[in-house]
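Only one structure is covered here, and it is reproduced in the block below.
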């Protein structure tokens, strides 16, 4: 794979907005919409993906529930078909999520912040149950951040009380694992912004138009554009390089662990060489 420095002009805002809108339409469901009954690999739209450092197992959070990837197949955990929106693995056996409950459940809707310590078999409400659907969740340094349905990034030190951080139209965000008050995000028009808690966001002007973004354990930036092209950068986003393009429309990435993970419309992929190559874990093709 060629290793190129990205210095192209920015995408036209209207074109980028249409691409982002398509992603949003496919990723969101109404509170009253019951998830379709899934087969073992019928994820619906994938909202999150992560690696559990307790056993290096891969989990997928989707419209049709939380799945473990086992021998190239998706195994639905606890037969629970909750529409799992925001999702992150904060540490060994420390899963945080949000979304909408299984239609057969009496759990308040939306879920607010929920936590599992047994591989998504059971969940406990931490806060905001029946009040907020958190579309994106990330954590570092004991802090948890969440992007709620009202379009606001919030921060919590105890997972129960929340402080507003930023109101903006975002697609995805990530917290810096080495500086837990620094965040980076992608916006609805494809821009990348960064900010420290308590300060105004600043545009990362050298960044390509991105949809999803994350940081490695060394704080390096990794993003993917609507076509599946993967980009990497130094922690400040000054210089961007391409890595191997992912097949299909991207739905989620996670690069905090040594094994990078990505979900697209065609499958679940992993990279053990920082995105220079991707191998297929599970195919979503018919």
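Numbering (our numbering), first residue to last: 14 to 299. Don't be surprised by glycine CBs; every beta carbon is placed ideally from N, CA and C. All values derive from a computational prediction rather than experimental measurement.
Quick one: give me the first and last residue of the beta strand (DSSP E) that residue i is part of.
i           : result
residue 228 : 225 to 228
residue 243 : 243 to 246
residue 189 : 183 to 189
residue 264 : 263 to 267
residue 113 : 107 to 113
residue 196 : 192 to 200
residue 250 : Looking at the DSSP string, residue 250 is not in any beta strand (DSSP E), and its letter there is neither H nor E.
residue 151 : 149 to 153
residue 165 : 165 to 169
residue 128 : 126 to 129
residue 80  : 78 to 83
residue 283 : 280 to 284
residue 64  : 59 to 65
DSSP state of residue i, grouped into three classes?
i           : result
residue 220 : coil
residue 92  : helix
residue 207 : strand
residue 134 : coil
residue 175 : coil
residue 119 : coil
residue 273 : strand
residue 213 : coil
residue 100 : strand
residue 162 : coil
residue 258 : coil
Are residue i and residue j touching if we call contact CB-CB under 9 Å?
i           : j           : result
residue 186 : residue 221 : no
residue 65  : residue 132 : yes
residue 291 : residue 275 : yes
residue 159 : residue 175 : yes
residue 124 : residue 116 : no
residue 342 : residue 258 : Given that the chain is displayed from residue 14 to residue 299, the structure contains no residue 342 and the question cannot be resolved.
residue 80  : residue 88  : yes
residue 107 : residue 128 : yes
residue 228 : residue 269 : yes
residue 118 : residue 155 : no
residue 141 : residue 161 : yes
Please report the straight-line C-alpha distance between residue i and residue j, rounded to a whole angstrom.
i           : j           : result
residue 103 : residue 59  : 19 Å
residue 299 : residue 54  : 11 Å
residue 105 : residue 267 : 15 Å
residue 44  : residue 182 : Residue placement at residue 44 cannot be trusted, given a pLDDT of 45 that sits under 50; what the coordinates show is reported in the next sentence. Between residue 44 and residue 182, the C-alpha separation is close to 20 Å.
residue 215 : residue 206 : 5 Å
residue 247 : residue 284 : 19 Å
residue 184 : residue 271 : 24 Å
residue 110 : residue 157 : 11 Å
residue 153 : residue 242 : 26 Å
residue 288 : residue 264 : 16 Å
residue 92  : residue 231 : 36 Å
residue 278 : residue 56  : 10 Å
residue 281 : residue 84  : 12 Å
residue 147 : residue 163 : 9 Å
residue 172 : residue 251 : 33 Å
residue 94  : residue 78  : 4 Å
residue 336 : residue 138 : Here the chain covers residues 14 to 299 and nothing more, so residue 336 does not appear.
residue 48  : residue 67  : In this prediction, residue 48 scores a pLDDT of 44, lower than 50, which makes its location untrustworthy; no coordinate-derived value is stated.
residue 211 : residue 178 : 7 Å
residue 62  : residue 82  : 10 Å
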